[in-house]
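Numbering (UniProt numbering), first residue to last: 1 to 361. Note that CB positions come from ideal geometry on N, CA and C, so glycine has one too. Everything numeric in this text was worked out from a predicted model, so none of it was measured.
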Amino acid sequence: MTDKIIFVNTQGFQNKKDKINEIVRANQPMVLAIAEHFQTNQDLLNSIEGYTVRSSFCRESKNERGGVAVFVRNDLECQPRKELDVNCEKKAFEVATVEIPSKNLVVSAMYKPPPSSRKDFYSNLDSLLGTLKSEPQKKHVIAGDFNIDLSQNKAAEKVMQKNGFKSMLSESTHDYGACYDNFIVDFEHRKARVMRGKFDKISDHHPIELIIGSSKDKKDTNSEPPFQTNFSTTPTIKDLVENAIIRRYMDFLGIRDTSQSSISSIRSELISICSSESPPNLLQLFLPMALDERNDDASSSSISTLTRGLSDCEISSLRSTKPKREIKYSSQTSPFSLDSIAKPTSCLSEDETSSLRSTKP
């Protein structure tokens, strides 16, 4: 079973239990971390089927809202790490921590209320990360709603880097378009994503998921079978980008079956997922960003999903092919589908298009 951690800000747990149980049944995470549950410790007991709350912080009454909790799957032995929660403070730095010895893993759920002091938060976070750093043989995960975009906040980044940690997400996790929810980790071989679609809208926060691998999961480029596509002719830019998206998605899910039937199935699933996305979210800046090397442009963070899916050779080819005129997109662009990826090629010269087509994935 894949080692997963799911975090969600529930903004009231009691009336969301059915939806949360549905998420848990479908994904079987080893840990479910929640924030803003608005519950007492007694209310949290026996609330998630097959899971037990192992550590929590609850405010004195439900009227005070807030709170965090960590549920662990019942087949895993674990223990609370209360000594790591010494800086826990109501309405300022709410945290609850457990350790799962069999996984060599320590997991914290965290919540920083919006009005609380950022300076105090950075200080408390620094203290916690410093303590965790003294356990280099263990893996540490902090899953939380920080009400700060950790990927863009220099002060938070400085605290994390100082202690050997980094945040995992940069795309929006909130209806306002901000990346408030995140995972802070200190180990490699892990992937994170924002859970959209079927399990969306528990609150104005999207659930987020962390998948933890092992050193054995690292790709061996000498032994892994090549990713096959159904190109019947020389690939176009549409083929290259579509291939990259499918490959990254299959890699994220841990799918090793690269047969045509498997690829076709994944392609159909992706088309279904992407049909709800509009071009500005996925494509509007993709090609000019790749060509002009604007990878550090914060406004392009929502496009990084596509560029991370391209191989070094594919990105290198795109960067070496400079457009002869500015690439512009109409605000009236039709709804997104994978087929619409071919449209930006109309801005390229024949030589530029030929160069792209000659690049094999």
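Query, Result
"C-beta contact flag for K166 and I184 at 9 Å", "yes"
"Beta carbon of I48 nearer than 9 Å to that of A109", "no"
"Min CB distance S108 to chain B below 9 Å", "No chain B appears in the structure shown, which is made up of a single protein chain."
"Reduced DSSP category for R25 - H, G, I as helix; E, B as strand; rest coil", "helix"
"Classification of Y111 by the beta-carbon crowding that lies within 10 angstroms, buried from 16 upward", "buried"
"Three or more C-beta pairs below 8 Å linking the region 17-36 and the region 62-77", "yes"
"Beta strand (DSSP E) segments (min. 3 residues) lying fully within the UniProt domain \"Endonuclease/exonuclease/phosphatase\" (9-151)", "31-35, 51-57, 68-73, 94-100, 105-111 and 139-145"
"Bridge-paired residues (DSSP) for N182", "G144"
"Whether P113 touches A92 by CB criterion (9 Å)", "yes"
"Check whether L169 and A192 have beta carbons under 9 Å apart", "yes"
"Chain-order list of residues whose beta-carbon lies under 6 Å from that of D181 (same chain, five-residue window excluded)", "D145, T173, H205 and I208"
"Cβ-based neighbour list, L132, same chain, cut-off 6 Å, excluding 5 preceding and 5 following", "H140"
"Presumed contact (8 Å Cβ cut-off) between Q39 and Q14, rounded CB distance", "7 Å"
"Pairwise C-alpha distance: P101 and E171", "32 Å"
"Beta carbon of I20 nearer than 9 Å to that of I142", "no"
"Exposed unless 16 or more other CB atoms sit within 10 angstroms - verdict on T97", "buried"
"Presumed contact (8 Å Cβ cut-off) between G66 and R59, rounded CB distance", "5 Å"
"Per-residue burial, E94 [other beta carbons within 10 Å of its own, 16 or more giving buried]", "buried"
"Close-in-space but distant-in-sequence residues of the same chain around Y176 (CB under 8 Å, 5 per side omitted)", "D204"
"Residue from R118, S127, Y122 and R190 whose Cα sits closest to the Cα of E83", "S127"
"Member of A178, Q28, T52 and E22 whose CA lies at the smallest distance from the CA of residue 385", "No answer is possible for residue 385: it lies beyond the span of the chain, which begins at 1 and ends at 361."
"Where the beta strand (DSSP E) containing E188 begins and where it ends", "Taken as a continuous stretch (DSSP letters only), E188 belongs to no beta strand (DSSP E), as it is neither H nor E."
"Beta-carbon separation (whole angstroms), T10 vs K4, contact threshold 8 Å", "With a Cβ gap of about 18 Å, T10 and K4 do not count as contacting."
"Neighbourhood of I212 by C-beta distance below 6 Å, restricted to the same chain and skipping five residues each side", "D3 and R190"
"Coil, strand or helix - E171 by DSSP", "coil"
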